[in-house]
Amino acid sequence: MVQAFVFLYTFYYIAIDYLKTPTIMKTKLYKLTRWLCALLLGVLGFTACEKEEDIGDVPCAYGTPTADYLFEGVVTDEAGNPIKGIEVQIDGFFERGSLRTLKHETAADGTYFTDIYKECGFVRSITYTDVDGEENGGEFESLTIKADDMEKLQLRKGDRDWYGGVFKLSAEVKLKNKE
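Quick note on this note's numbering: the sequence shown kicks off at 207 and runs consecutively.
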């Protein structure tokens, strides 16, 4: 408590003393303070810039790493029977960075296969949804799988720069019946 009182008392007398100072002195003090701050920041700025070690032939590049993806898989029920007509939604950044959902449908044998999607930033998840109701074996619950949890196979290597190559993501999915 005493320290706070001493601080306020000192601050009060410094403020009163500053108010009594002529305007010319205030201007000179202000200019001196600005000049000292600029000098200090300049010196600190240059000392922060050390010579970097040689990192080799790594070019400075602008953009986002991309890869080409294709998807395949099989959708079955809990008994292992293939399910036709399941909507497969692929969420990710496709075609030069646009966030999109690509939709496909499973065939009679429960499989789905996509063409190669070029210049994909990344794939977030794949959602399997029963859209036809009781048709094709009953109603099934939706299921979402993260792309990281799918089997990933690199079909073609990239250029060791921004292009990662061609990848195939595949999954065997068992959907549960709705109750």
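Heads up, the beta-carbon is just placed ideally off N, CA and C, and yes, glycines get one too.
Computed from a predicted structure; not experimentally measured.
Check: Beta-carbon proximity check, Phe277 vs Thr320, cutoff 8 Å; Outcome: yes
Check: Helix, strand or coil at Lys358 [DSSP, three-state]; Outcome: strand
Check: Inter-stretch contact at 8 Å, needing at least 3 Cβ pairs: the region 369-377 / the region 350-361; Outcome: yes
Check: Neighbourhood of Lys324 by C-beta, 6 Å cutoff - its chain only, sequence neighbours within 5 removed; Outcome: Asp274
Check: Anticipated Cβ contact below 8 Å, Gln295 with Thr282, distance rounded; Outcome: Between Thr282 and Gln295 the Cβ distance is about 18 Å, and since that is not below 8 Å, they are no contact.
Check: Cα-Cα separation between Leu242 and Lys234, rounded to whole angstroms; Outcome: 12 Å
Check: Alpha carbon of Ser348 to alpha carbon of Thr312, nearest angstrom; Outcome: 14 Å
Check: Pair within 8 Å by beta-carbon distance, Asn383 and Gly344; Outcome: yes
Check: Nearest residue (CA-CA) to Thr206, options Asn287, Glu293, Ala244; Outcome: The structure shown does not extend to residue 206, since the chain is modelled only from 207 through 385, so no value can be given for it.
Check: Within 8 Å, strictly: CB atoms of Gly298 and Val337; Outcome: no
Check: Residue from Ala244, Tyr236, Leu245, Pro288 with nearest C-alpha to Glu341; Outcome: Pro288
Check: Same chain only: Cβ atoms within 8 Å of Gly291, ignoring 5 sequence neighbours per side; Outcome: Glu311, Thr312, Asp336, Val337, Asp338, Glu341, Asn342
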